[in-house]
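What follows is one structure encoded as structure tokens, with my remarks underneath.
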Amino acid sequence: MAGVSRRTFLQTATATAAAIYAAHATPSWAAAGRGSVAISPPLATFAYSEVELLDGPMKRQFEENHARFLNLDDDRLLKVYRQVAGLSAPGDDMGGWYDLTGFSLERNDFHGFIAGHSFGQYLSGLARAYAVTGSKETQAKINRLVKGYAETLDPQAKFFAGYRLPAYTYDKTSCGLIDAYEFAQDPIAMDAHEKLTHAIVQYLPEKALSRQEQRSRAHKDTSFTWDETYTLPENLFLAYQRSGKAFYRDMAKQFLEDDTYFNPLSEGNNVLPFEHAYSHVNAFSSAMQAYITLGSEKHLRAATNGFDMLVKTQSFATGGWGPDETFGEPGRGQLGDSLAQTHASFETPCGAYGHFKITRYMLRVTKDAKYGDSMERVLYNTILGAWPIQADGTSFYYSDYATTGKKVWYRDKWPCCSGTFPQLAADYHISTYLRSADGVYVNLFTPSRVQWSDASGRYGLKQETQYPFDNKIQIQVSGSQARDYAIYLRIPSWATSDSVLSVNGKRVSDPVQPGSFAAIRRTWKDGDRIELELPMPLRLETVDANHPNLVALVRGPLVLFAVADSQPAFDRNALLQAKAANNSKGDWLATAADGSSVSMRPFMNIDKESYSTYLLLKA
Ligand SMILES: [Zn+2]
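Residue 547 is where the sequence shown starts when you use this note's numbering, and the numbers rise one by one after that.
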């Protein structure tokens, strides 16, 4: 079946819709039960273990994060919890945000800002890394950390007595424990989670509180009351699904921020302005779990509308959003203005983690390629350019899109972004491919392999590409026998109509449609080859409508940053005529208005050099 056409795919699709993928049986360690869900999205993630990243920047970031936390001393991680519990607490202090003491707003000292806040995220990152690698050493560490943490738990959770942000830290700890259970089969993690959850209730308000409500309840104490109760439902719904215990589902419902956030969003009212950026994007994932678990269409509408508002009114060309961690008012030129006002343009590891989660949920539910497009923008232009977390907790936090920007380390060790980075890097695996009843979706183009089995045999795809530096993607099919199913490839919305898709050297007859998944259904045989070529003409994207002369140079999914000590000015056509430098940095060369040649460099290849994200167009 060469010269496959879309009509043929559709005709055969229903006939062979029987799942090509064996559903996961309930894992044996989960004998206690699983909570039922109302919605099974048409796309599911593969297991972490079924996807392998091959040599490339995503694999490098995953391995760096895995090694960093595998090698972090257990005693240091557990120290603050043991200190409060009155147990022997050997080992060095972690330092930075993680310690118990030191915090002073007056002295501008963020030592001990939120003690132990990221323990659960490091645990979660390790559990997901274990799911990817099967490393026994990693599993043993997870078991030690959960046991050590459980020993510090008491029925009153006194660690949280007088604690500044109980919901914030509970949410992360919750995630770590349910991931240790789900992905590393830890025998006591779910019991510890239940004990913690029953104890934490006394420290939480009766519902999710907006900042406005927190402010009005804070009375005289106006500093740091910004707890994030509205992010709790996602992990509580997951705890319900993984344990079958209904009280988690009921508690999740209690903390859906409906009155001030999801209700107005579901009706199309843009209530993002002035909200804290990352936590309110993270809250979209709670809305998606309300949809999946409860079948609540209102929460699906809220997440759909909210994400649309995020992309259309709050986002830079890189896909990043929320300068100074705050959403601005649309139509006032707030993004363009921010370039002259702040270097804290995008909270990168946390923002990218939240962005990957919501786009993965939306993609699973809608099968709409635009969510994959949005995910890859954030991937290539933000997180893949983040520096790795250092042994002492020194971390990359903000991307800087200021008129003249620079990469810098964050001033405090072990911040929030040191917690989300290892979680996200593990999630690269489950974001690259998705599965449907009738086939496999190739969402991200990156060197990788996916392999799955069913009763009939073992199947796989292997992707080879230098994308986005090169515009060719090659996929090799493997299978223990010939098998009829569909392979779906994301054709980005920026792609042009001269994109070429071929199977075994023969061009697929239907033209590819940018902004959709191209389906190739046929009887796939071991050794079949797919080739996709996506031309990437240069284009310009303005920062916002109020600043028509501030543009980013974009090629495919990749923003090209001007390497310069001050913001260069260009003639529009000269910028669009930039030429590939064919060097190891992936540079393009453009001639500035003053006649000088400017290197245009992808974010992931920028190190210490100054750069401009947005360029000035000469009138
Ligand atoms: Zn962060």
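We put the CB at the ideal spot given by N, CA and C, even for glycine. Everything numeric in this text was worked out from a predicted model, so none of it was measured.
Ligand 1 has a heavy atom closer than 6 Å to the beta-carbon of cysteine 962. The criterion of a C-beta distance shorter than 7 Å is satisfied by tyrosine 594 and valine 678.
With a 10 Å radius around the Cβ and a threshold of 16 neighbouring Cβ atoms, glutamate 652 comes out exposed.
Judged by their CB atoms, glycine 879 and asparagine 1092 are nearer to each other than the 7 Å cut-off.
In terms of CA proximity to serine 1055, Leu1047 leads the group Ser1062, Leu1047 and Gln936. Here tyrosine 943 carries a coil assignment [DSSP, helix/strand/coil].
Membership of methionine 1146 in the beta strand (DSSP E) is indicated by the continuous run 1143-1148.
Between valine 747 and glutamine 800, the alpha-carbon positions lie close to 11 Å from each other. Taking all protein chains shown into account, histidine 765 has fewer than 16 neighbouring C-beta atoms within 10 Å of its C-beta and is therefore exposed.
Taking 6 Å as the cut-off, one finds no heavy atom of ligand 1 near enough to the beta carbon of cysteine 721. Look at the beta carbons and you see the segment 724-731 touching the segment 663-682: at least three pairs across the two are nearer than 8 Å.
Taking a C-beta distance under 7 Å as the contact criterion, threonine 950 and serine 1158 qualify as a contact pair. CA-CA distance, valine 1097 to proline 636, rounds to 54 Å. Boundaries of the beta strand (DSSP E) around valine 1100: 1096-1101.
Between the segment 1068-1079 and the segment 880-900, the count of Cβ pairs shorter than 8 Å is below three; the stretches do not touch.
At least one heavy atom of ligand 1 falls within 6 Å of the beta-carbon of glutamate 893. An exposed status is given to tryptophan 955, since fewer than 16 other beta-carbon atoms sit within 10 Å of its beta-carbon. Under the three-state reduction of DSSP output, glutamate 821 falls in the coil class, being neither helix nor strand. About 6 Å separates the beta carbons of aspartate 645 and alanine 661, which is inside the 8 Å limit, making them a contact pair. Contact annotation: histidine 739 and leucine 723 have beta-carbon atoms nearer than 7 Å. Around the Cβ of asparagine 1017, a 10 Å sphere holds 16 or more other Cβ atoms; the residue is buried. Counting along the chain, the unbroken beta strand (DSSP E) around isoleucine 1066 starts and ends at 1062-1070.
Within the same chain, Phe991 and Ile1019 come within 6 Å of threonine 1011 by CB-CB distance, once the 5 residues on both sides are set aside.
Here tyrosine 627 has Gly662, Tyr695, Thr698 and Phe705 as same chain residues with Cβ atoms under 7 Å from its own Cβ, once five neighbours each way along the sequence are excluded. Listed in chain order, the non-local C-beta contacts of lysine 1008 below 6 Å within the same chain comprise Arg995 and Gln1022, local neighbours out to five positions each way being set aside.
By the Cβ neighbour-count rule, asparagine 781 is buried, with 16 or more other Cβ atoms within 10 Å of its own.
When the alpha-carbon of proline 810 is set against those of Leu778, Thr850, Ser789 and Gln787, the nearest one is in Thr850.
Note: glutamine 1009 is bridge-paired with Ser994 and Ile1021 in the DSSP secondary-structure output. Straight-line measurement puts the Cα of isoleucine 1033 at about 46 Å from the Cα of glutamine 887. By the neighbour-count criterion, in which 16 or more other beta carbons inside 10 Å mark a residue as buried, aspartate 804 falls on the buried side. Contact between leucine 856 and tryptophan 867 holds, with the beta-carbon distance rounding to 6 Å and staying under 8 Å. The beta-carbon distance between glycine 1061 and isoleucine 1037, rounded to whole angstroms, is 7 Å. This is short enough to meet the 8 Å contact definition. The C-alpha of glutamine 997 lies about 9 Å from the C-alpha of phenylalanine 592.
Below 8 Å, too few C-beta pairs join the segment 835-850 and the segment 1128-1139 to call them touching: fewer than three.
Counting every other CB atom within 10 Å of its CB across the protein chains shown gives aspartate 973 a total of 16 or more, marking it as buried.
According to DSSP, residue pairing for aspartate 1000 in a beta bridge involves Gly1003.
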